[in-house]
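Quick mapping for you: the protein sequence lines, in order, are chains A, B and C. Straight run, no breaks: the first sequence in numbering that gives the first Met the number 0 ends on number 93. Straight run, no breaks: the second sequence in numbering that gives the first Met the number 0 ends on number 539. Straight run, no breaks: the third sequence in numbering that gives the first Met the number 0 ends on number 199. Virtual Cβ for every residue (Gly too), placed ideally from N, Cα, C. Model, not experiment: these values are computed from the prediction.
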Amino acid sequence: MSEETHVPVPYRTFILIWVALLILTGITVAVSRVDVGALNIWVALGVASIKSSLVIFFFMHLKQESILFKIGLLTMLVILAIFVGMTFLDILYR
Amino acid sequence: MSESTTYTGFWQESPRPGILGWLLSTDHKRIGIMYLTCIISLFIVGAILGLAIRLELIAPGETIMGAQTYNATFTVHGIIMIFMFLIPSIPAAFGNLLLPIQIGARDVSFPKLNLLSWYCYIVGAILAIIAIFSGGGAPDTGWTFYVPFSTQTTTNVNLAAFAAFMLGFSSILTGINFVTTIHRLRCEGMTWGRLPLFVWTLYATAWIQVLATPMIGITLVLVILERVFGAGLFDAARGGDPILFQHLFWIYSHPAVYIMILPGMGVISEIIPTFARKPLFGYWAMAFSSLGIAFAGSLVWAHHMYASGMSDFAVLIFSFLTFIVAIPSAIKVFNWISTLYKGSIEMAPPMLYALAFIFNFAIGGLGGLALGAAASDIHLHDTYFVVGHFHYVMFGGGGFALFAAMHYWLPKFTGRMYNHKVAVIGWALLFVGFNVTYMTMQAVGVAGMPRRYYDYLPEFTTLNQVATAGSWVMGLGLLIMFVNLWRGMCSGRRVGKNPWGATTLEWEVPSPPPLENFGEEDPVVTKGPYNFKGVVADEY
Amino acid sequence: MSIEHRDDTGARFGMWLFLYTEVILFSGLFILYAMALAKYPAEFSDASHKLNIYFGSINTLVLLTSSLTIALAVSAIQMGRIKQTLILCWITIALALVFLINKYFEWSAEISHGIYPGSEQLAEMGPGITTFFNLYYFTAGLHGLHVFIGGTLIGVVAVMTAKGKVTSDRYTLLENSALYWHLVDLVWIFLFPLYYLLYH
């Protein structure tokens, strides 16, 4: 079943992604120096999510994988959101 | 069956001779048999502990053991029955035996990983047994390892928690293997709509194993770290939160309930059509209700915690969601009964166990709603009603499904048939003893007897004696059942490919199946899983 | 015996499933973090300021770069450039070592200030700060263990590549080790802002 092997990703793409990741890291560090109240944590999480999407889709080749891999990841993220979100139902209303 | 009187299939065919041929085997059937052997052995140990607990409760006060021994006994009974018996029982034993054959594959996707998962299981089981006899003595926390007690008790919690971690790892490896196998190795023509229901339930179970089990892993690691460092993560005085432990614990352990029951439902969905000689009613409803139970099961964990001090809002939400789980479960029960309707029913031993499953599961499931409703739970919480309820679902459901599976597939994997009359006697004793024991427990729980004590108030004496007497009948039934199966396996009459006249792929290969299941040619499937047209049972 | 069955896509899918379990494993600690942050926002930013942001930032750069080198290694082996693959693997391992050495110095400094799980000095700083550092040590410790395992894994694959057992035609082992290494990076991408960068 080797029909689903990938085309090699050119070095250039990976290096560009790496540069983007470094820039985003710089942005997180910079934003953490500015007070935007409770928004800080959400900005930090937002930037981290963008960074992880880049890693997942390009470095981990998810872009090239079949729909099954993407649905699998989505399932895991939904379950994860349920675990975290529903625990807050207790903590925030106690 | 004349030509194959000496045929023994995978029991003889192996690249290595002797015991190493088993211990180093990557054949899914051999691994399944190894799992089954260990699981049944540990079940017998757990059952003896259970009988000892019932014997202690035959009269108020100390009868055969004191408080500390009693605490250790019910803890070890729980750890063995949950982590070493129920969770691996059907998925790891019968899943391994059957999954590849039912989808027309020669083995699972990762055979070596499969063997590794068995070794994780064995290491976990051995560590747990060492934990009983070493260090500060057998753990006495209950199988739930609740903080703060579990971080303070001097008994051997560290090793027991690590053992449970290993068992969880074994369960994860099995889950990864099954999901991948079902996606990648279905034979030609085996579309998703032609998968046997047992495979569908294994698929749903495997996803739970993958996505929920790591949570118990980290929880147990944190208990160990707490005990080693005394960091105070769950200690309210030092900014921790003991209720968060319960959240993490039940995030896994509630879905784990479905790891125990879903494959059992799959077994029942195989047996009912075969002995009613009718296609299963509502195939897609059954398939999707399995996935529905798996998903809904991850939304309800905090219904174990109504009395913990959790927020009232959370109690409300989780209570509501708990009722949603009843829908896919009820779909299953209705579909089994609809399958029976106007079928030509044959009361063979597997069918009797399957019917007992439906009966017990219905009682246990409805009792679950009484516990899921926040108001009635406040009264029933931590009483014997809970003990009765979960034994109805876990033992009356999961356990009976395992026995049903053993009676159904024993001829397939040993090529021999057990004595049906003795099987029916064993079943009857087990069924009656079971209901006497646990129905009485539910009654004594409603009357207010709390669980987890070696002693009780004198007014509960009569009901406790009835329950203990029931446990003896149940023990006798188990004994008869195991002896009968063992004798059938060693010296029963030989049977052919298809003694029940069943339709899934495993009944088209010889009994016992050969190494790699199918001969030279891979199978090609052209019809659905429960098409009985032209299928007749072999004489035996 | 039949011919050997080979399913590279299946092997990758299995690895992804395993990575899901790793994410859920870490999520247990992140749930505890989120709940404690909701309870002690001020104490958490105080505690965050006690961490050394330079160690954290350097380690972020190190891990991001190592993620790049291992991704490049996969491309290299796909194109049959074995020598480049090996060099990139060894660079990744070297970066993993740099990360762990950094971690060692960071932790030594903190422990010498009396900040570690169960210490009396930490207990005196109050409940919120104690929780922060307990979680910091357990999460970063578990992550460090994963760095160690991932580095070892890549080392094994590099040796197999050198021996010709991993080739441009058969490189699933390298791909899966790389996937594991990216997961280590992913965890750090969240760990870094949550522990080192909380604004006061």
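Is the beta carbon of residue i less than 8 angstroms from the beta carbon of residue j?
| i | j | result |
| --- | --- | --- |
| Met480 of chain B | Phe433 of chain B | no |
| Val523 of chain B | Glu225 of chain B | no |
| Ala95 of chain C | Gly149 of chain C | yes |
| Gly135 of chain B | Thr153 of chain B | yes |
| Gly216 of chain B | Leu24 of chain C | yes |
| Thr59 of chain C | Ile90 of chain C | no |
| His302 of chain B | Gly395 of chain B | no |
| Pro498 of chain B | Asp537 of chain B | yes |
| Ala70 of chain C | Phe82 of chain A | no |
| Ala19 of chain A | Leu61 of chain A | no |
| Val435 of chain B | Val392 of chain B | no |
| Ser337 of chain B | Gly281 of chain B | yes |
| Leu134 of chain C | Leu16 of chain C | no |
For residue i, count neighbouring C-beta atoms within 10 Å of its own C-beta (all shown protein chains included) and say buried if the count is 16 or more, exposed if not.
| i | result |
| --- | --- |
| Met346 of chain B | exposed |
| Ser44 of chain C | buried |
| Asp381 of chain B | exposed |
| Ile55 of chain A | buried |
| Asn516 of chain B | buried |
| Glu269 of chain B | buried |
| Tyr103 of chain C | exposed |
| Gln67 of chain B | exposed |
| Gln11 of chain B | exposed |
| Ala306 of chain B | exposed |
| Phe312 of chain B | exposed |
| Met0 of chain C | Since pLDDT at Met0 of chain C reaches only 35, below the 50 mark, its modelled position is unreliable, and the value read off the structure follows with that caveat. Label assigned to Met0 of chain C: exposed. |
| Cys119 of chain B | buried |
| Glu64 of chain A | buried |
Terminal residues of the continuous alpha helix (DSSP H) containing residue i?
| i | result |
| --- | --- |
| Tyr63 of chain A | The amino acid occupying residue 63 of chain A in the given sequence is Gln; Tyr does not appear at that position. Here Gln63 of chain A belongs to no alpha helix (DSSP H), and DSSP marks it neither H nor E. |
| Val73 of chain C | 52-77 |
| Phe43 of chain C | 40-49 |
| Lys411 of chain B | 399-413 |
| Thr154 of chain B | No alpha helix (DSSP H) contains Thr154 of chain B, which DSSP labels as neither H nor E. |
| Gln11 of chain B | Per DSSP, Gln11 of chain B belongs to no alpha helix (DSSP H) and is neither H nor E. |
| His181 of chain C | 171-195 |
| Tyr437 of chain B | 419-445 |
| Glu55 of chain B | 27-55 |
| Gly123 of chain B | 110-132 |
| Ala95 of chain C | 81-111 |
| Tyr136 of chain C | 126-161 |
| Tyr145 of chain B | Premise fails: Tyr145 of chain B is in no alpha helix (DSSP H) and is neither H nor E. |
| His5 of chain A | Note, His5 of chain A: premise wrong, no alpha helix (DSSP H); not H, not E. |
| Pro262 of chain B | 241-275 |
| Lys331 of chain B | 311-339 |
Grab me the residues of residue i's own chain with a C-beta within less than 7 angstroms of its C-beta, minus the 5 sequence neighbours each way, in chain order.
| i | result |
| --- | --- |
| Ser1 of chain B | Its pLDDT being 39, under 50, Ser1 of chain B is placed unreliably in this model, and the coordinates cannot settle the point. |
| Val75 of chain B | Leu48, Ile131, Ala137 |
| Arg450 of chain B | Asp381, Thr382, Tyr383, Val385, Val386 |
| Ser170 of chain B | Ile86, Pro87, Gln208, Thr212 |
| Ala92 of chain B | Gly31, Tyr34, Leu35, Ile38 |
| Thr64 of chain C | Leu94 |
| Phe259 of chain B | Sequence inspection shows Met at residue 259 of chain B; the Phe mentioned does not correspond to that position. Here the set comprises Leu85, Ile86, Met393, Gly397. |
Near residue i, which residues of its chain fall below 8 angstroms by C-beta distance, leaving aside the five closest residues on each side in sequence?
| i | result |
| --- | --- |
| Ser1 of chain A | For Ser1 of chain A, the predicted model reports a pLDDT of 42, less than 50, meaning its position is unreliable and no value from the coordinates is stated. |
| Ala124 of chain B | Cys37, Leu41, Met83, Ala162, Leu166 |
| Thr8 of chain C | none |
| Phe531 of chain B | Pro272, Arg276, Lys277, Pro278, Gly500, Thr502 |
Pull up the CB-CB distance for residue i and residue j, whole angstroms please, since I reckon it's below 8 angstroms.
| i | j | result |
| --- | --- | --- |
| Ile114 of chain C | Leu121 of chain C | 6 angstroms |
| Val30 of chain A | Val42 of chain A | 5 angstroms |
| Leu50 of chain B | Ile63 of chain B | Leu50 of chain B to Ile63 of chain B, Cβ: 11 angstroms. No contact. |
| His27 of chain B | Pro90 of chain B | At roughly 12 angstroms, the Cβ-Cβ gap does not stay under 8 angstroms, so His27 of chain B and Pro90 of chain B are not in contact. |
| Ile102 of chain B | Ile223 of chain B | Not confirmed; about 39 angstroms, so no contact. |
| Gly487 of chain B | Met416 of chain B | 6 angstroms |
Looking at residue i and the ligand COA, is the gap between the Cβ and the nearest heavy atom below 7 angstroms?
| i | result |
| --- | --- |
| Phe109 of chain B | Judged by which ligands are present, the structure shown has none, so any question about the ligand COA falls away. |
Quick one: what's got a C-beta closer than 6 angstroms to residue i's C-beta in the same chain, skipping five residues either side?
| i | result |
| --- | --- |
| Ile2 of chain C | Because the pLDDT at Ile2 of chain C is just 46, under 50, the model does not fix this residue reliably, and the value given afterwards should be weighed accordingly. Cβ neighbours of Ile2 of chain C beyond the five flanking positions: none. |
| Leu182 of chain C | Leu18, Glu21 |
| Val61 of chain C | Leu94, Val97, Phe98 |
| Gln441 of chain B | Phe384, Gly387 |
| Thr525 of chain B | Gly188 |
| Ser3 of chain B | Because the pLDDT at Ser3 of chain B is just 46, under 50, the model does not fix this residue reliably, and the point stays unresolved. |
Would you say residue i faces chain F, with C-beta separation under 8 angstroms as the test?
| i | result |
| --- | --- |
| Ala313 of chain B | This model lacks chain F altogether; the protein chains it does include are A, B and C. |
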